[in-house]
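So for the sequence shown, our numbering puts the first residue at 334; every next one is plus one.
Where is the CB? At the ideal position from N, CA and C, for every residue including glycine.
These numbers come from a predicted model, not from an experiment.
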Amino acid sequence: MTPPAKSGAAAERNPAALEIAFDDNRLVQELFGSHHSHLARIERSLDVGIDARGNHLVITGDDDAVTAARDALDILYTRLRRGLAVGGADVDAVLRMAAGGAVTDADMAIRIRQRTVSPRSPRQAAYVRAIDDHDLVFGLGPAGTGKTYLAVAKAVERLVNGTVDRIILSRPAVEAGEQLGFLPGNMREKVDPYLRPLYDALYDMLPAQQVIKRLESGEIEVAPLAFMRGRTLANAFVILDEAQNTTAVQMKMFLTRLGENARMVVTGDLSQVDLPRGTRSGLRNALEILDGVPGVAFVHFGDADVVRHPLVTRIVRAYDRAESSRNVGARYEAGEGDG
C-alpha cells in the first residue's frame, strides 16, 4: 500500500512528469470513471497525458497543467473518501477549482443532512466563504452561476443546524410583458410564478413534505418584495433574488429590514433589468452606495462560473460580445469614436 500524500495521493515529480499512486483500489475505479472517462475528461481539459496502470498514474505535460491535474485528482479522491459521488459534472467542477488555484472544495461543502452541495468554481467558493463571514453579501453575475442556488443551500444548512429560526426568500414581482392585473387568479396565484425558482431550489434541498411543513409553520417564507415593508427580520436567513429589478427605494427598504442575528444575501444580474425605461436599478444604486461599507461583501461572477450546460457559457459570451458591439456602435454614432 502506498501512503497517500495530501488527502490521498503519493507523488514523485520530475520536470515533465508526475507519478501518483492511490491506496484504495475500490475508489480508484470510481475516480478513473467508466473506461477511464474521467481521466479522458482531465486530459482534454488540461492538455495533459495520463497513463494509468492499476492504481498508479503518470501525468505528463506542462508544469502548470500537470499540477492542476494532480490537484483535480486529489480533490476527487478526497470526495470519494468522504463518501461523496463523483460524476462527469463533478470532474468538470473540480477542474475549474484546480485551474483557479483552489486546493480542495471539501472545506466549503454545504451539508444538509443526507445532501452535500459543493462550490463548482473558485468564485463560487469565494461566495460561500463570503456568506459565512459577512452579514450582507451581494452575488452578481449571469444566469447559471449558482448565485441563488448556493444562497438557498446555505440558508437551509443554517435552518437545519438551528443557527437561524427561519428562511425568508423574496423576489420583486416585476411585470415582464404581462400586466399582473390581467393575469388570472387571486394575488397568490398571480405572484407565485415569479417565486417559482425559489420553490424549485427549496425542493432540491429538502424532501417535499419537509418543505410543505416548514412553509405552513412559517419556518420558510417565500414572498414578493412588497410584503417585506414594515418588518424587522431577526434570527433569519434572508435572500433577495433578481434584485436588479428593484428600484432604489425598494432596495433601501429591503436592506433596512435586517435584524439581530440575521444574514442577508442579495443576488442579481445587471444585464437583465426588466424595469421600465429610465428607472434606475436599486441593485446598481446599492453597489455604488455600499462600496467599502464594513460587513458588506460583493462577489462578481463571470461566464467562466456558469455551471449549467456548457452551451449556456457560450450563449452568455455571445450575448456579451453583441452587447459590447452595440455599445461601441452607439459611441461611434454619438461622435465619440472619431478621435
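Going by the beta-carbon positions, is the gap between residue i and residue j smaller than 8 Å?
| i | j | result |
| --- | --- | --- |
| aspartate 602 | glycine 479 | no |
| leucine 591 | leucine 492 | no |
| leucine 379 | alanine 350 | no |
| valine 632 | alanine 463 | yes |
| serine 451 | arginine 429 | no |
| glutamate 490 | isoleucine 445 | yes |
| phenylalanine 634 | arginine 456 | yes |
| leucine 311 | glutamine 583 | Nothing can be reported for residue 311, as the shown portion of the chain is limited to 334 through 672. |
| valine 282 | isoleucine 443 | What the structure shows of the chain is the stretch from 334 to 672, and residue 282 is not part of that stretch, so it cannot be assessed. |
| phenylalanine 365 | tyrosine 410 | no |
| alanine 385 | histidine 369 | yes |
Would you please state the rounded distance, in angstroms, between the beta carbons of residue i and residue j? I believe it to be under 8 Å.
| i | j | result |
| --- | --- | --- |
| isoleucine 353 | isoleucine 408 | That pair is no contact at about 13 Å. |
| alanine 405 | isoleucine 383 | That belief does not hold up - the Cβ atoms of alanine 405 and isoleucine 383 are roughly 11 Å apart, past 8 Å. |
| leucine 360 | arginine 415 | Contact doesn't hold; Cβ gap of about 11 Å is too wide. |
| leucine 573 | valine 606 | Between valine 606 and leucine 573 the Cβ distance is about 15 Å, and since that is not below 8 Å, they are no contact. |
Using a Cβ-Cβ cutoff of less than 6 Å, which residues in the same chain neighbour residue i once the five nearest sequence positions on both sides are dropped?
| i | result |
| --- | --- |
| alanine 556 | Ser503 |
| valine 629 | Leu469 and Leu623 |
| methionine 597 | Leu469, Val571 and Leu591 |
| leucine 528 | Arg504 and Val555 |
| phenylalanine 471 | Val599 and Phe631 |
| arginine 654 | none |
| arginine 547 | Ile553 |
| asparagine 519 | Legend: pLDDT at asparagine 519 = 49, less than 50; position of this residue unreliable, value from coordinates given subsequently. There are no such residues. |
Ignore the nearest five residues each way along the sequence and tell me which others in residue i's own chain have a CB closer than 8 Å to its CB.
| i | result |
| --- | --- |
| arginine 299 | Outside the displayed range of the chain (334 to 672) lies residue 299, so it cannot be described from this structure. |
| alanine 595 | Asp468, Val497, Leu566, Ala567, Asn568, Ala569, Phe570 and Val571 |
| histidine 371 | Leu364, Phe365, Leu409, Val419, Gly421 and Val424 |
| glutamate 593 | Ala567 and Asn568 |
| aspartate 636 | Pro475, Thr646, Val649, Arg650 and Asp653 |
| aspartate 466 | Ala630 |
Exposed or buried, which one is residue i when buried takes at least 16 other CB atoms within 10 Å?
| i | result |
| --- | --- |
| threonine 481 | buried |
| proline 609 | exposed |
| arginine 403 | buried |
| proline 540 | exposed |
| glycine 420 | exposed |
| arginine 377 | exposed |
| arginine 412 | buried |
| glutamate 656 | exposed |
| leucine 390 | buried |
| valine 649 | buried |
| valine 427 | buried |
| valine 626 | exposed |
| glycine 563 | exposed |
| leucine 644 | exposed |
| alanine 651 | exposed |
| glycine 387 | exposed |
| proline 495 | This sequence places glycine at residue 495; proline is not what is there. When all chains shown are included, glycine 495 counts as exposed. |
| arginine 647 | exposed |
Leaving out five residues before and five after residue i in sequence, what residues of the same chain have Cβ atoms less than 7 Å from its Cβ?
| i | result |
| --- | --- |
| alanine 581 | Arg613, Gly615 and Asn618 |
| methionine 538 | Ile445, Arg448, Val485, Ala486 and Val489 |
| alanine 534 | Thr481, Tyr482 and Val485 |
| glutamate 621 | none |
| aspartate 396 | none |
Check your understanding: Is the stretch 612 to 620 in contact with the stretch 573 to 589, if contact means three or more CB pairs nearer than 8 Å?
Key -> Cβ pair count under 8 Å is three or more, so yes.
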